[in-house]
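Sequence lines, in order, name chains A and B.
Heads up: the first sequence begins at 118 in the numbering used here, then just goes up one per residue.
Heads up: the second sequence begins at 164 in the numbering used here, then just goes up one per residue.
Think of the CB as a built atom: it goes at the ideal place given N, C-alpha and C, for glycine as much as any other residue.
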Amino acid sequence: MQYALLAYTSTEATDRATRPITDTLASRLDGPNVTGWARLHADESATTLRNDGGRTLLTDGPFIDSKEYLAGVILIEAENLDGALAIAEEMLQETRPGAAIEVRPILEGRFPGDRHGA
Amino acid sequence: MALDAVFRDQWGRVLATLVGILGDVELAEDAAAEAFAIAAERWPRDGEPANPTGWLVTTARNRAIDQLRRQQVLADKTKLLARDIETGHPCLTEAEADMDDGPTIRDERLELIFTCCHPALAVDAQVALTLRTLGGLSTDEIALAFLVPFETMSKRLTRAKHKIRNAGIPFVVPPDHQLPDRLAAVLTVVYLIFNEGWGGGRVDLAAEAIHVGRALADLMPDEPEVLALLALMLMHDARKAARVRDGQVVPLDDQDRTRWDTGRIDDGRELLRRAVARGRTGPYLVQAAIADLHLQQPRDWHQIAALYQTLAAQTGSPIVEMNRAIAVAEIDGPEAGLAILDRLDLDHYRYFHSTRAELLRRAGRDGDAHQAYRRALDLAQTEPEQRFLADRLADTTP
């Protein structure tokens, strides 16, 4: 099965864009079970388009305003939820306290063949 | 659908096998319900087949395949299903199931309970799903037991079944490195069900928990904590008939011991003996040993206090400390027990106040005892408890 790991981090981690990915995390992202990943800019860089009865409304900022924001998406392949949770836990060890990873099964999708060409 | 006793025993086994074959709890449950309905109609008329489990599984499997065929959108799934049937799971035709020497169907209830109690499901969903799948309780009965509207319980169950399917929660007994944690989660669910039933609602949840506990003990006879949990539940349940008299809770020392179920106590002690022989001391083993000591007369408070100390170290639970305080009060007097209680943060817990009140009364501090009984009465949830506390409140002067 395919899963998306949604990584959340605290909005207070202001240095995150300049902080390099750790070597351990980099090697995990290069692992065979990772089919794609994206590290996202902080939520103040977000623009939200909302379908307001056929009209598009633009707002400055993330759709959901909260203390944690979506910092990255990692797409993985795992046999089942236990497999996906194990991979997510490995990734979580490379994050800072307070970070969280949400594991979502992927309904369908298309991922580029060039797996690591970000 | 309500099942009589014979069917109730078959339900978990049949459903587990079907989930193994079909890979989907919801589909398996619908098919099993259909098969049981057919059996309820045919068996009294034509006689019970030689291999009832095989008959039910085969009938349900055939119904499920029919249903999948009807839904053309699921064509791929049917292919998968056909492959699973060819490779893994021995299945019989209905005629074969009528014969004595049909192949034995592997018991997959363990896989089922580990799926239902997967930590990716909320605990209330784990509890409901376990009662539905292993216990064979209807959604109505589960809703009644937990005092929630039928729709709420129905949604909770449906959501859980969909999550199992869509998130890919595996239908397996966890590997060794995960087993201790995952087994602990299963035992928590079973004990939660038991404790929910202890209050004595309209659905006998204590009996359901014991039913699931027995199945677990049959399936994992080498796991001391599984045996110990069943022992613990049996020894508690043995006192059920003596625990309430004239609608009022009776403290253990005042209970009519002739009303205790000695068969259950013996079963519990035998299980405890088997668990102890395994040489590992988990929290359920300690609790079962304490339950056993409480059944003996006179009670060995030194041993009880020591075991509560062990349990407190294992669990870090303030409620365990509260129980240790009761034992210590028996050994060193009520003030020694109260000294322990004063260190605990259990203001929200109803038994904390009744325990404290009792010790204060024994220490001759009637005014404080009266206040504590008042607080306990405010928090009491069942009528027998309320009557008991109201009596005690009247006996102490403010």
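Query                                                                                                                                : Result
Touching by the beta-carbon criterion (3+ pairs, under 8 Å), the segment 388 to 406 of chain B and the segment 447 to 460 of chain B : yes
CB contact flag (Lys318(B), Val188(B), <8 Å)                                                                                         : no
Within-8 Å CB hit, Asn197(A) to chain D                                                                                              : In summary, chain D is missing from the structure at hand, where the protein chains are A and B.
Ordered list of alpha helix (DSSP H) runs contained in the segment 452 to 503 of chain B, each at least 4 residues                   : 464 to 478, 481 to 495
The segment 188 to 198 of chain B / the segment 217 to 225 of chain B touching (three or more Cβ pairs under 8 Å)                    : yes
Under 7 Å from the C-beta of Met118(A): neighbouring residues of chain B                                                             : Gly331
Per-residue burial, Asp419(B) [other beta carbons within 10 Å of its own, 16 or more giving buried]                                  : exposed
Contacts around Asp554(B), its chain only, beta-carbon distance under 7 Å, and the 5 residues preceding and following it disregarded : none
Unbroken stretches of the beta strand (DSSP E), 3 residues or longer, contained in the segment 365 to 418 of chain B                 : none
Whole-Å CB distance - Asp73(A) paired with Pro446(B), under 8 Å assumed                                                              : Any answer about residue 73(A) is impossible in this case: the structure gives chain A only from 118 up to 235.
Inter-residue CB distance, Ala227(B) and Leu190(B) (contact presumed, cutoff 8 Å)                                                    : 6 Å
Burial state of Ser480(B), where buried means 16 or more other Cβ atoms lie within 10 Å                                              : exposed
Short CB-CB distance (under 8 Å) between Ala283(B) and chain A                                                                       : yes
Neighbouring residues, chain B, relative to Pro222(A) (Cβ below 7 Å)                                                                 : Asn329, Ala330, Gly331
Exposure label - Glu192(B); buried when at least 16 CB within 10 Å                                                                   : buried
Any alpha helix (DSSP H) of 4 or more consecutive residues that is wholly inside the segment 288 to 343 of chain B                   : 302 to 308, 313 to 330
Three-way DSSP call (helix, strand, coil) for Arg221(A) in this model                                                                : strand
Contacting residues, own chain, Cβ-Cβ under 7 Å from Glu546(B) (five flanking each side not counted)                                 : Gly410
Residues sharing a beta bridge with Asn168(A), DSSP                                                                                  : Thr173(A)
Residues bridged to Val439(B) [DSSP beta-bridge criterion]                                                                           : Looking at the DSSP assignment, Val439(B) forms no beta bridge with any residue, so it has no partner.
Thr559(B) - DSSP class collapsed to helix/strand/coil                                                                                : coil
C-alpha gap between Thr176(A) and Arg167(A), whole angstroms                                                                         : 8 Å
Distance, Gly527(B) Cα to Val491(B) Cα                                                                                               : 17 Å
Cross-strand partners of Gly189(A) (DSSP beta bridge)                                                                                : Ala124(A), Arg156(A)
Segment limits, alpha helix (DSSP H) that includes Ala516(B)                                                                         : Reading off the sequence, residue 516(B) comes out as His, not Ala. 513 to 525 is the extent of the alpha helix (DSSP H) around His516(B).
Nearest residue (CA-CA) to Thr126(A), options Thr135(A), Leu187(A), Gly178(A)                                                        : Leu187(A)
Close beta carbons around Lys184(A), own chain, < 7 Å, minus the five adjacent residues each side                                    : Ser127, Thr128
Inter-residue Cα distance where the pair is Val286(B) and Thr444(B)                                                                  : 25 Å
Residues near Ala306(B) by beta carbon distance below 8 Å, same chain, minus five either side                                        : Pro312, Phe313, Thr315, Met316, Ser317
Segment contact, 8 Å Cβ cut-off, at least three pairs: the segment 533 to 542 of chain B with the segment 496 to 504 of chain B      : no
Residue environment, Pro253(B), which counts as buried when at least 16 other CB atoms sit within 10 Å                               : Here Pro253(B) scores only 46 on pLDDT, less than 50, and its place in the model should not be relied on; the value that follows carries that caveat. Under this definition Pro253(B) is an exposed residue.
Neighbour-count burial assignment, Arg295(B), 16 or more Cβ in a 10 Å radius                                                         : buried
Cβ separation of Met383(B) and Gly431(B), assumed to be a contact under 8 Å, to the nearest whole Å                                  : Actually they do not touch by this definition, with Cβ atoms about 17 Å apart.
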